[in-house]
Amino acid sequence: MTARLLVLGGTGFVGRAWCERMARHQPATTLVVPTRHLARGRALQHLPNVELRRADVHDEATLRGLLAGCDAVVNLVAILHGSEAAFERAHVELPRRLAAACLATGVRRVVHVSALGVAADAPSRYLRSKARGEAVLRDSGLALTVLRPSVIFGAEDRFLNLFAGLQAIAPVVPLAGADAQFQPVWVDDVAAALSAALARPDSIGQTIECAGPQVVTLGALVRLSGQLSGHPRTIVPLPAALAWLQAVAMECLPGEPLMTRDNLASMRVPNVATGQHPGLAALGITPSPLAAVVPGYLMAGQRCARLDRWRARH
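The sequence shown begins at 1366 in this note's numbering and counts up by one.
See below:
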């Protein structure tokens, strides 16, 4: 395993899980984690092998400085919502600047996290921009491994936890894209895939599809989150026209939207492994089923909510 790694997007959901895994299994490996806001890295400050740096990774000169002395780089930067320009900046321009900085500093090894369903002609800006980012890195000639995960679940996810929270306050859940297909993968399995890809030279040049063992619909996942969190609700699938109107309305609300028209477009493509590329098994990983992981953290959340209500009354 390399001794010093640059981790872009290390303060996010997957980044935190991977940094914690590396602290347990590769404590001698230093992880350089840049962030524009050091407060976002608070969860990593206790890890002895993490170096938090205040930096803007979208600046190529800054990237070159961060790469100095590093043996490899992991890119986890991604956004789910935004304009065409925002997707271009995060998913295409950043990989382009990263490739240039790697070539300038002699850092050739790159592991890039993309997504299932990416294609140049995909129906959403998210998927199309992810495809262009992959192409930029492949064309650079770097020693690249691409990981394409399905939707990622885990104790701190903003997917199942979000739907569990919604069902705690809503009597019914009108759901756009209820029939959309996913193959959810546990965040710890994705973290293990990152480590395995870096450690195995035979992963260079490969695209790895990171998917769990089950294909499920969005409706089924929402029902599961409600049941396990103690707030089962009636799910009302929305027809396409109403789903589009719901997304438009959510885009108009302040803050990060729960759903956008681009998200709806992404869900037109099954978020499942194609079988055209190796899966987690190629890295020696047996993916964990939902039933082995999800009940633990959603039921724990239910117990915490009940405890909070008891404390409020007493």
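In this text, a Cβ means the ideal position worked out from N, Cα and C, and glycines have one as well. Because the structure is a prediction, the values reported are computed rather than measured.
Whose C-beta lies closer than 6 Å to the C-beta of residue i among residues of the same chain, with five residues either side of it excluded?
{"i": "Ala1630", "result": "Pro1488 and Ser1489"}
{"i": "Gly1498", "result": "His1456, Val1457 and Pro1460"}
{"i": "Lys1495", "result": "His1456, Ser1479, Ala1480 and Val1483"}
{"i": "Pro1514", "result": "Val1550, Val1555 and Cys1575"}
{"i": "Arg1633", "result": "Pro1488"}
What does residue i pair with, by DSSP beta-bridge criteria?
{"i": "Val1415", "result": "Leu1396"}
{"i": "Gly1510", "result": "Position check: residue 1510 holds Thr in this sequence, whereas Gly was assumed. Its beta-bridge partners are Val1476."}
{"i": "Leu1370", "result": "Leu1396 and Ala1437"}
{"i": "Asn1636", "result": "Phe1547"}
{"i": "Gly1644", "result": "Glu1574"}
{"i": "Thr1582", "result": "Gln1546"}
{"i": "Val1517", "result": "Note that residue 1517 is Ile in the sequence shown, not Val. Ile1517 pairs with Val1550."}
{"i": "Leu1463", "result": "Paired residues: none, contrary to the question."}
Residue i: buried (16+ other C-beta within 10 angstroms of its C-beta) or exposed?
{"i": "Ile1650", "result": "buried"}
{"i": "Ser1568", "result": "buried"}
{"i": "Arg1381", "result": "buried"}
{"i": "Ile1534", "result": "exposed"}
{"i": "Gln1641", "result": "exposed"}
{"i": "Leu1618", "result": "exposed"}
{"i": "Pro1654", "result": "exposed"}
{"i": "Ala1564", "result": "exposed"}
{"i": "Arg1493", "result": "buried"}
{"i": "Leu1441", "result": "buried"}
{"i": "Leu1586", "result": "buried"}
{"i": "Arg1389", "result": "exposed"}
{"i": "Ala1736", "result": "There is no way to answer for residue 1736, as the model of the chain reaches only from 1366 to 1679."}
{"i": "Pro1566", "result": "exposed"}
{"i": "Ala1545", "result": "buried"}
{"i": "Glu1574", "result": "buried"}
{"i": "Ser1448", "result": "exposed"}
{"i": "Ser1507", "result": "The question names Ser, but residue 1507 in the sequence shown is Leu. Leu1507 is buried by the Cβ-count criterion."}
{"i": "His1596", "result": "buried"}
Measure how close the beta-carbons of residue i and residue j come, nearest whole angstrom, since I'm counting them as under 8 Å.
{"i": "Leu1502", "j": "Ala1450", "result": "So it is not a contact: roughly 20 Å between Cβ atoms."}
{"i": "Leu1481", "j": "Ala1368", "result": "That pair is no contact at about 32 Å."}
{"i": "Pro1549", "j": "Val1511", "result": "That belief does not hold up - the Cβ atoms of Pro1549 and Val1511 are roughly 20 Å apart, past 8 Å."}
{"i": "Pro1635", "j": "Pro1578", "result": "About 16 Å separates the two Cβ atoms, so there is no contact after all."}
{"i": "Asn1628", "j": "Leu1445", "result": "7 Å"}
{"i": "Gly1406", "j": "Thr1376", "result": "5 Å"}
Going along the chain, which residues of its own chain have a beta-carbon closer than 7 Å to the beta-carbon of residue i, five neighbours each way excluded?
{"i": "Leu1593", "result": "Val1659, Pro1660, Leu1663 and Met1664"}
{"i": "Thr1561", "result": "Just to set this straight, residue 1561 is Ala in the shown sequence, not Thr. Closer than 7 Å at the Cβ level, and outside the excluded window around Ala1561, lie Leu1648, Gly1649 and Ile1650."}
{"i": "Glu1521", "result": "Phe1378"}
{"i": "Arg1671", "result": "For Arg1671, the predicted structure reports a pLDDT of 37, less than 50, and the residue's modelled location is therefore unreliable. The matter cannot be settled from this model."}
{"i": "Glu1621", "result": "His1446"}
{"i": "Gly1434", "result": "Arg1369"}
Residues in the same chain with beta-carbon distance under 8 Å from residue i, minus the five sequence neighbours each way, listed in chain order, please.
{"i": "Glu1416", "result": "Thr1395, Leu1396, Val1397 and Val1398"}
{"i": "Arg1438", "result": "In the sequence as displayed, the identity of residue 1438 is Val instead of Arg. Around Val1438: Leu1370, Leu1371, Val1372, Leu1373, Leu1432, Leu1463, Cys1467, Val1472, Arg1474, Val1475 and Val1476."}
{"i": "Arg1668", "result": "Note that Arg1668 scores 39 on pLDDT, short of 50, meaning its location in the model is unreliable; the coordinates nonetheless yield the value given after this. For Arg1668, where only same-chain residues beyond five positions count, there are no Cβ hits under 8 Å."}
Quick check on residue i - is its C-beta less than 8 Å from some C-beta in chain B?
{"i": "Leu1593", "result": "Of the protein chains in this structure there is only one, and it is not chain B."}
Subject >> Any 3 or more C-beta pairs closer than 8 Å across the stretch 1526-1542 and the stretch 1588-1606 >> reply: As far as the Cβ criterion goes, the stretch 1526-1542 touches the stretch 1588-1606, which means the pair count is three or higher.
Subject >> the stretch 1610-1617 touching the stretch 1518-1532, judged by at least three CB pairs closer than 8 Å >> reply: No contact exists between the stretch 1610-1617 and the stretch 1518-1532.
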